[in-house]
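Following: one structure in structure tokens, then a few remarks.
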Amino acid sequence: MSHYISNTDQDRRAMLDAIGASNIAELFEVVPEEVRFPHVELPPPLSEAELLRELNRLAGRNANTQTHRVFLGAGAYNHFVPTAVDALLRRAEFYTAYTPYQPEISQGTLQAIFEYQTLICALTGMDAANASHYDGATAMAEAAVMALNSTRNKHSIVVAPTVHPQYRMVLRSYLQGLGIKIVGDEDPAASLEDVLAQVDSSTAALIVQTPDFLGQIHDLKPLAERVHAAGGLLIAQVDPVALGLFQTPGAAGADIVTAEGQSLGIPLGFGGPYLGIFACKEQYIRRMPGRLAGATTDLDGQVGYVLTLQTREQHIRREKATSNICTNQGLMMLASTIHMCLLGKHGLRHVARLCYHRAHYAAAEIARLPGYELVTPEPFFKEFAVRAPRPVAEINRALAQRGIIGGYDLKADYPQLGDAMLLCVTEMNTKADIDALVAALKELA
Amino acid sequence: MNTYEPPIFELSGTGKIGANLPALDVPEAALPQELLRDDDLQGMPELSETEVTRHFTRISQRNFCIDTGMYPLGSCTMKYNPKVHEEAARLPGFAQAHPLQDPEQAQGALQLMYELQSYLAELSGFDQVSLQPAAGAQGEFSGILVFRAYHRDRGDDQRTEILVPDSAHGTNPATAAMVGMRVVEVKSGPRGNCNLEDLKSKLSPRTAGLMLTNPNTLGLFEENIQEIARLVHEAGGLMYGDGANFNAILGIVKPREVGFDFMHYNLHKTFTTPHGGGGPGSGAVGCTEALAPYLPGSIVVKQGERYELRQPERSIGRVKSFWGNFGMLVRAWTYIRTLGAAGLKEVSENAVLNANYLRVKLQPVYPVAYDRTCMHEVVLKGQLRQAPEARTLDIAKRLIDYGFHPPTVYFPISVPEALMIEPTETETKRNMDAFVDAMITIAQEAAEDMSILRNAPTTAAVRRLDEVGAARRPILKYDRAKFRELRREAPEATPDDQLERPTY
Numbered sequence: 007m008s009h010y011i012s013n014t015d016q017d018r019r020a021m022l023d024a025i026g027a028s029n030i031a032e033l034f035e036v037v038p039e040e041v042r043f044p045h046v047e048l049p050p051p052l053s054e055a056e057l058l059r060e061l062n063r064l065a066g067r068n069a070n071t072q073t074h075r076v077f078l079g080a081g082a083y084n085h086f087v088p089t090a091v092d093a094l095l096r097r098a099e100f101y102t103a104y105t106p107y108q109p110e111i112s113q114g115t116l117q118a119i120f121e122y123q124t125l126i127c128a129l130t131g132m133d134a135a136n137a138s139h140y141d142g143a144t145a146m147a148e149a150a151v152m153a154l155n156s157t158r159n160k161h162s163i164v165v166a167p168t169v170h171p172q173y174r175m176v177l178r179s180y181l182q183g184l185g186i187k188i189v190g191d192e193d194p195a196a197s198l199e200d201v202l203a204q205v206d207s208s209t210a211a212l213i214v215q216t217p218d219f220l221g222q223i224h225d226l227k228p229l230a231e232r233v234h235a236a237g238g239l240l241i242a243q244v245d246p247v248a249l250g251l252f253q254t255p256g257a258a259g260a261d262i263v264t265a266e267g268q269s270l271g272i273p274l275g276f277g278g279p280y281l282g283i284f285a286c287k288e289q290y291i292r293r294m295p296g297r298l299a300g301a302t303t304d305l306d307g308q309v310g311y312v313l314t315l316q317t318r319e320q321h322i323r324r325e326k327a328t329s330n331i332c333t334n335q336g337l338m339m340l341a342s343t344i345h346m347c348l349l350g351k352h353g354l355r356h357v358a359r360l361c362y363h364r365a366h367y368a369a370a371e372i373a374r375l376p377g378y379e380l381v382t383p384e385p386f387f388k389e390f391a392v393r394a395p396r397p398v399a400e401i402n403r404a405l406a407q408r409g410i411i412g413g414y415d416l417k418a419d420y421p422q423l424g425d426a427m428l429l430c431v432t433e434m435n436t437k438a439d440i441d442a443l444v445a446a447l448k449e450l451a
Numbered sequence: 036m037n038t039y040e041p042p043i044f045e046l047s048g049t050g051k052i053g054a055n056l057p058a059l060d061v062p063e064a065a066l067p068q069e070l071l072r073d074d075d076l077q078g079m080p081e082l083s084e085t086e087v088t089r090h091f092t093r094i095s096q097r098n099f100c101i102d103t104g105m106y107p108l109g110s111c112t113m114k115y116n117p118k119v120h121e122e123a124a125r126l127p128g129f130a131q132a133h134p135l136q137d138p139e140q141a142q143g144a145l146q147l148m149y150e151l152q153s154y155l156a157e158l159s160g161f162d163q164v165s166l167q168p169a170a171g172a173q174g175e176f177s178g179i180l181v182f183r184a185y186h187r188d189r190g191d192d193q194r195t196e197i198l199v200p201d202s203a204h205g206t207n208p209a210t211a212a213m214v215g216m217r218v219v220e221v222k223s224g225p226r227g228n229c230n231l232e233d234l235k236s237k238l239s240p241r242t243a244g245l246m247l248t249n250p251n252t253l254g255l256f257e258e259n260i261q262e263i264a265r266l267v268h269e270a271g272g273l274m275y276g277d278g279a280n281f282n283a284i285l286g287i288v289k290p291r292e293v294g295f296d297f298m299h300y301n302l303h304k305t306f307t308t309p310h311g312g313g314g315p316g317s318g319a320v321g322c323t324e325a326l327a328p329y330l331p332g333s334i335v336v337k338q339g340e341r342y343e344l345r346q347p348e349r350s351i352g353r354v355k356s357f358w359g360n361f362g363m364l365v366r367a368w369t370y371i372r373t374l375g376a377a378g379l380k381e382v383s384e385n386a387v388l389n390a391n392y393l394r395v396k397l398q399p400v401y402p403v404a405y406d407r408t409c410m411h412e413v414v415l416k417g418q419l420r421q422a423p424e425a426r427t428l429d430i431a432k433r434l435i436d437y438g439f440h441p442p443t444v445y446f447p448i449s450v451p452e453a454l455m456i457e458p459t460e461t462e463t464k465r466n467m468d469a470f471v472d473a474m475i476t477i478a479q480e481a482a483e484d485m486s487i488l489r490n491a492p493t494t495a496a497v498r499r500l501d502e503v504g505a506a507r508r509p510i511l512k513y514d515r516a517k518f519r520e521l522r523r524e525a526p527e528a529t530p531d532d533q534l535e536r537p538t539y
């Protein structure tokens, strides 16, 4: 009997007697006999000590931020996470709780959601935020669906080619059954002006990422004006860390803001679980997918929190719901809430400054090397593309031997850039790390 | 009872910081002044680490969780979360690895994914598994997209209807609609199963597939599952299995062997990755060989001794960035390796035994929706003969006073006043007996004085909350003035000494 099961044989006997069954197998007689109790071939069970040995062996085969200096970003970022974040996350009251369906005994989760919503609004300059999506990509795709539902007689989405390539793939997956046209990113070299030229009266939304996949920061104001003039919405995909320093999408006129929240207190985790941030202007709240927590009072007049506006959701609207999101990223939402509270106003600005200045230092040093050329135009934030003298895969292999994880190879997604790599510098890359990278790149030229 | 904890924004004080950050060690570059934010990050709090720690510790204490007590939420499968899982997922080689690093430098992570794919395939009888979907609902979405692509490739463009039983999870019809399918509801029969006559009348050349939860959301195994699959297949449709209730049938039956073509696994339910207050989940999907080319990517394949990520050739695309909720995959892998095939079978046996025990113990007082052997969960009705005015919601709230998380209420919607109870295999007989006692006491209280139930809960951090007011005038973020107003407008409270509190 497994050590997770608490009943004795005697308990089981007593329960069977109460039920009136002679053995447990009898409870499964409804299962067709010819397929009942099949042979299942799995490795034999391991003791906890053996298990940890095997897990350590598997984990030990993966390069990571503790074994390597990491200059790879491209949608997953090595940012500092204060120790207190995980310490609080590991409180069983948070991580072993479920969706707060019974608000009176879920005030911890509900208050955290409420505070998260407030923090996201403050960070993005938007009116309302929900309790999270699966990741930045799915948040962006659901924003497109919401834009289609919020505008009249529109059937196309315009998306810039500098939006994360994987996000654009997810966008296409999400819209493939709805007969919607997705345009704008056919040519990976298209400029934002080229993309804007495709905005017309059929456009439900324009999707732009800033800083974009190649690192460049864009002014959203003129983009918002252009798409609003055509009767569409602006969906801005942003880096929440950059918002410690740069213009908020809310101030620039974006209607829906989505972001990957992994940078706010969540480890790289080989790609997940991450956090989809989703915020919008007030007039769209009732069309927003996902959960919302609202403040209210109890019978004693004490302030408390509940899930609210649930009539938007699938468990009530069923086939009339416009999203099926149910399980979200509750614990990741909590991590980023704690993270934002710890960093606070000063920490968020300081981290953004560290990223900006260190990235610019690294870019300037690399651009000086013979054979390398900075491709991303100013202004950029923490990522930039560099044209390299040799294929990126070759450079990365050589860097790995020097304990460095190099940049993202842009060739497959942006062939017009030739041998170019996307490098990322955050507050985790010290000047000494950057100098080591520059020295290695110089050798490899 | 816990005391009120103000919103963290009320604790903020100028100049404080709760994180120890590095100093700038490079020369400053010029900043694009016209693009900087000009609001001084207004609304962001300023707090010390001490204050943040205390705030979140305090609010955590206002939560019920599986580590503090029985959580019989039907359909949600709240079983014990093993502690070794948390250590496993936090090993630096897993938690600190970048998803885009050279696969050559991620062979351990990829091996774990490859093995988990094969374990899930073996448990369900399917040929291929994709670990990418981030939650059950996303697994459903992937599945219906796969059905659509499969039919289209065969020139079967007219298959635009998805059949969904009336007892299904709300995600099923919502998913079908998201894919642009028409949802056709199939009625339940008198024994709580899919009504075969109704099913037959709704099958047509337009049928793309049937979405079926088995055991279903009434906690019952579909008696005619093979017949249902035969009918759907004969009509040219495909069988989608909602794996929400897989916990009941590990090692008992393989879904593929009763006729399913595709299913999702809720790793956070059956394979006990923690629910985290609403997520993260993981909605891995498995399918037959015929559907495998359409699976969402990426899938891990083995080439000689090397593991690689590969998008299936006719894939519906990606449904998420990167490779799925990897941290959840580590936990699920750990669970399967801890228990092995025999241990997993014991899980289902004990889950079903526990649910049937609660069924027979509660049946004399609470009507059972369908009077037959159940699987891992049982649906009762909160309709008491001796207290007709009692409502399920009141019973649920009173349970809180006795130290239990209430069951799932008002679901499935096909059962009036539904109370859906799932004890799971990790619950003890002792706790279940205490739960039964509490349920019986509540029924007696309801017969004697309904106000006891109406006033419940009295022992939680807050009393019953005004949900109608919250929806009518939504306050979705902190605002000092609105909070003051909220307090002023609150209704008169029942004096504390007049509240009925339970005696333990």
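Protein chains in written order, with our numbering: chain A, 7 to 451; chain B, 36 to 539. Every residue, glycine too, gets a C-beta built ideally from N, C-alpha and C. This one's a predicted model, so the numbers in the text were calculated from it and none came from an experiment.
So residue i and residue j are supposed to be a Cβ contact under 8 Å. How far apart are they, rounded?
i, j, result
"L56 (chain B)", "H85 (chain A)", "L56 (chain B) to H85 (chain A), Cβ: 11 Å. No contact."
"H411 (chain B)", "A390 (chain B)", "5 Å"
"S317 (chain B)", "L379 (chain B)", "So it is not a contact: roughly 17 Å between Cβ atoms."
"E480 (chain B)", "R426 (chain B)", "Going by Cβ atoms, the distance from E480 (chain B) to R426 (chain B) rounds to 13 Å, so no, they are not a contact pair."
"M474 (chain B)", "L374 (chain B)", "No, M474 (chain B) and L374 (chain B) are not in contact; Cβ-Cβ is about 31 Å, not under 8 Å."
Of the residues the options, which one's Cα is nearest the Cα of residue i?
i, options, result
"S179 (chain A)", "B:G224, B:K355, B:I487", "B:K355"
"P315 (chain B)", "A:R18, A:R293, A:G278", "A:G278"
"V244 (chain A)", "A:I126, A:G237, A:H345", "A:I126"
"P194 (chain B)", "B:G205, B:P117, B:E462, B:V214", "Reading off the sequence shown, one finds Arg at residue 194 (chain B), where the question assumed Pro. Nearest option by C-alpha distance: B:V214."
"R72 (chain B)", "A:V247, A:A418, A:P38", "A:V247"
"P127 (chain B)", "A:G66, A:H224, A:Q289", "A:G66"
"D304 (chain A)", "B:R522, B:P62, B:Y115, B:F129", "B:R522"
"N385 (chain B)", "B:R93, B:R189, B:L285", "B:L285"
Report the neighbours of residue i on chain A: residues whose CB is nearer than 9 Å to its CB, in chain order.
i, result
"M213 (chain B)", "V151, Y180, G183, L184, A327, T328, S329, N330"
"C322 (chain B)", "Simply none; closest approach about 16 Å."
Is DSSP giving residue i helix, strand or coil here?
i, result
"G453 (chain B)", "Residue 453 (chain B) is actually Ala in this sequence, not Gly. Here A453 (chain B) sits in strand by DSSP."
"G174 (chain B)", "helix"
"G377 (chain A)", "coil"
"T103 (chain B)", "coil"
"K416 (chain B)", "strand"
"H321 (chain A)", "helix"
"N68 (chain A)", "strand"
"C430 (chain A)", "strand"
"A143 (chain A)", "helix"
"K187 (chain A)", "strand"
"T216 (chain A)", "strand"
"T85 (chain B)", "helix"
"M36 (chain B)", "Its pLDDT being 48, under 50, M36 (chain B) is placed unreliably by the model, and nothing is read from it."
Run through chain A and tell me which residues come within less than 7 Å of residue i, C-beta to C-beta.
i, result
"N360 (chain B)", "G278, P279"
"C100 (chain B)", "A98, E99, T102, A103"
"I371 (chain B)", "L48"
Against residue i, what residues of chain A qualify as contacts under a CB-to-CB distance less than 8 Å, listed in chain order?
i, result
"H303 (chain B)", "T333"
Residues of chain B with a CB under 7 Å from the CB of residue i: which are they?
i, result
"C347 (chain A)", "I43, G53, P80, L82, V87"
"Y414 (chain A)", "L135"
Legend entry - Length-filtered (3 minimum) beta strand (DSSP E) runs lying within the segment 181-225 of chain B: 196-200, 217-221
Inset, instruction - Can you check the segment 328-378 of chain A for any alpha helix (DSSP H) of at least 4 residues that lies completely inside it and give the ranges in chain order? - result: 336-373
Inset, instruction - Kindly provide the ranges of any beta strand (DSSP E) runs that are 3 or more residues long and lie completely inside the segment 270-324 of chain B, ordered along the chain. - result: 273-277, 297-299, 320-322
Legend entry - Runs of beta strand (DSSP E) lying entirely within the segment 94-168 of chain B, each at least 3 residues, in chain order: 163-165
Inset, instruction - At 3 residues or longer, and completely inside the segment 440-516 of chain B: list those beta strand (DSSP E) runs for me, N to C. - result: Contiguous beta strand (DSSP E) elements confined to the segment 440-516 of chain B occur at 453-456, taking only those with 3 or more residues.
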